[in-house]
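Numbering (UniProt numbering), first residue to last: 1 to 230.
So, in structure tokens, the structure goes:
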């Protein structure tokens, strides 16, 4: 059987980024899939290369430029990554048009929302009741999320409540057209989205790749890979 290949738009080559990239690679390997990192220097070439893969994983990373969702950048918004901000929407649109599986993680979920016309809250640190940036517990659950029991995500995780890690200071504000909010934190923030009437189109605010010991989270990666085979 041909190995499943997952396109991941390039996130950078600093030592820290290489460490993070290793997390994605190993999480896919555990599900018998391989990562294909897509060079974004030429966006049109990136789209073609990505489409030669079986599925798309939009990874975490820098804050998205608020101009993409019609807002002015505030002081609390981090420095955007213009290369990713240009290329990722093009790649996402191409995958959506082909119906291929899509998984968004953290920034990836926010990018899915923005590409469907949604908006983001640029900094939630003064709004939150729970701790949403808990780097000390990145490998473990730091808060609970309530899942829509009728969602694909709840079926994949086989539960209505999940313990997740949390490494974000931005959040979905207005949900984009054609998306469903299918998980929320106890203080009300959107924690997962699904593309309506789509095969596999799930995006989560947390980082399942940091939780290899958590079977529930690994089920998400495994289901994504399996959807690329069917």
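Each residue gets a CB set at the ideal place from its N, CA and C atoms; glycine is no exception.
Output needed for residue i: all residues of its chain with C-beta closer than 8 angstroms, excluding positions within five of it in sequence on either side, in chain order.
i, result
"residue 133", "Below a pLDDT of 50, predicted positions are generally treated as unreliable, and residue 133, at 49, falls in that range; no measurement from the model is reported."
"residue 147", "153, 154, 157, 159, 160, 161, 162, 182, 183 and 192"
"residue 136", "Any reading at residue 136 needs caution, since the residue's pLDDT is 43, under 50, leaving its predicted position unreliable; the model's value is listed next. If we look at residue 136 and ignore the five residues flanking it on each side, it has no Cβ neighbours."
"residue 144", "161, 162, 163, 164, 185 and 186"
Hey, residue i and residue j: beta-carbon distance below 8 angstroms or not?
i, j, result
"residue 50", "residue 105", "no"
"residue 112", "residue 68", "no"
"residue 116", "residue 178", "yes"
"residue 81", "residue 108", "no"
"residue 188", "residue 194", "no"
"residue 100", "residue 52", "no"
"residue 118", "residue 71", "no"
"residue 26", "residue 218", "no"
Determine the extent of the alpha helix (DSSP H) in which residue i is found, giving its start and end residues.
i, result
"residue 114", "107-115"
"residue 49", "43-51"
"residue 191", "Here residue 191 belongs to no alpha helix (DSSP H); instead the beta strand (DSSP E) covers 190-195."
"residue 208", "Unbroken run through residue 208: none, as it is neither H nor E."
"residue 90", "82-98"
"residue 149", "First-last for residue 149: undefined, no H or E at that position."
"residue 74", "That residue, residue 74, is in no alpha helix (DSSP H); it is neither H nor E in DSSP."
"residue 221", "215-229"
Any idea which residues DSSP pairs residue i with across the strands?
i, result
"residue 143", "164"
"residue 57", "103"
"residue 11", "DSSP output for residue 11 lists no bridge partner at all."
"residue 36", "7"
"residue 171", "121"
Using a 10 Å radius around the Cβ and a threshold of 16 neighbouring Cβ atoms, would you call residue i buried or exposed?
i, result
"residue 204", "buried"
"residue 1", "exposed"
"residue 42", "exposed"
"residue 161", "exposed"
"residue 3", "exposed"
"residue 14", "exposed"
"residue 207", "buried"
"residue 129", "Confidence is the limiting factor: at residue 129 the pLDDT is only 49, short of 50, which leaves the residue's position unreliable, though a coordinate-based value still follows. Under this definition residue 129 is an exposed residue."
"residue 19", "exposed"
"residue 122", "buried"
Does residue i get closer than 8 angstroms to chain C when you measure Cβ to Cβ?
i, result
"residue 52", "This model lacks chain C altogether; it includes just one protein chain."
Taking 6 angstroms as the limit between beta carbons, can you name the residues of its chain near residue i, skipping five residues before and five after?
i, result
"residue 239", "Missing from the structure shown is residue 239; the chain here goes from 1 to 230 and no further."
"residue 180", "194 and 196"
Starting from residue i, trace the beta strand (DSSP E) in both directions and tell me its first and last residue.
i, result
"residue 182", "179-185"
"residue 203", "201-204"
For residue i, which residues from the same chain have a beta carbon less than 7 angstroms from its beta carbon, with the 5 sequence-adjacent residues on both sides left out?
i, result
"residue 247", "No answer is possible for residue 247: the residues shown for the chain start at 1 and end at 230."
"residue 87", "9, 40, 43 and 46"
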